[in-house]
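Numbering (full-length UniProt numbering), first residue to last: 1 to 210. Note that beta-carbon positions come from the ideal geometry of N, C-alpha and C, so glycine has one too. Here is the structure we will look at, set down as structure tokens.
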Ligand code: C5P
């Protein structure tokens, strides 16, 4: 079984997807980490994430260790990730890995949960359960701001909100696999919901499709 969890950053996809995978004993793939890993390597080699040739070469040569790079979740990497993610050959280079993870999950698991932007629309249009999480930009920025402060980083809320809007715009307006809910996705607005409430609602959707 494939569970697709899509939505903008800060909507709670990662937390939800990880918990669903744990409860169902499914494999979990954070597909944003792939784009982040590409951006992080390009940046560390002094390259420009928006440069197609450089980013594509890195995407084709990606290894699992790249997903554990120290700066994977920094703001610079986040912005870089949404730039490499707008390049068609980069998306193409990462597609096979995502699809085989979903259809043949590691560890012989009976299913996989993937979170990202285009799982229900492009990577796994055949997914049995599709969830599309949203939340107001202010609430998503508040969560992201708290996450940065909790990690001991300096962050200004207004700046976080501005950068989040910029990344939303880039992810939604690009022509390659833009951020959009699949027609058969269940929409969940998490603005006023606790993590627990989101989890219960999502789990009910998944169980109803099993
Ligand atoms: O989900 P996360 O914020 O880690 O993703 C980082 C960036 O990677 C996003 O802003 C988006 O541009 C890109 N991405 C994507 N497709 C996915 C997952 C992430 O384009 N399936």
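According to DSSP, residue 6 shares a beta bridge with 116, 132. Residue pairing by DSSP places residue 28 opposite 113 in a beta bridge.
Relative to the Cα of residue 94, the nearest Cα in the group 108, 122, 208 belongs to 122. For residue 15, the shortest C-beta to heavy atom distance toward the ligand C5P is 7 Å or greater. Closest in C-alpha terms to residue 157, from the list 150, 167, 146, comes 146. Taking 3 residues as the shortest admissible run, the segment 163-205 contains the following complete beta strand (DSSP E) segments, listed from N- to C-terminal end: 186-189. Between residue 16 and residue 132, the CB-CB gap reaches or exceeds 8 Å. With a cutoff of 8 Å on beta-carbon distance, residue 90 and residue 137 are scored as not near each other. In this structure, residue 28 has its CB at a distance of at least 7 Å from all heavy atoms of the ligand C5P. Around the beta-carbon of residue 98, 16 or more other beta-carbon atoms lie within 10 Å, marking it buried. Rounded to the nearest whole angstrom, the C-alpha separation of residue 148 and residue 188 is 24 Å.
In this structure, DSSP gives residue 44 a helical state, which the three-state scheme calls helix.
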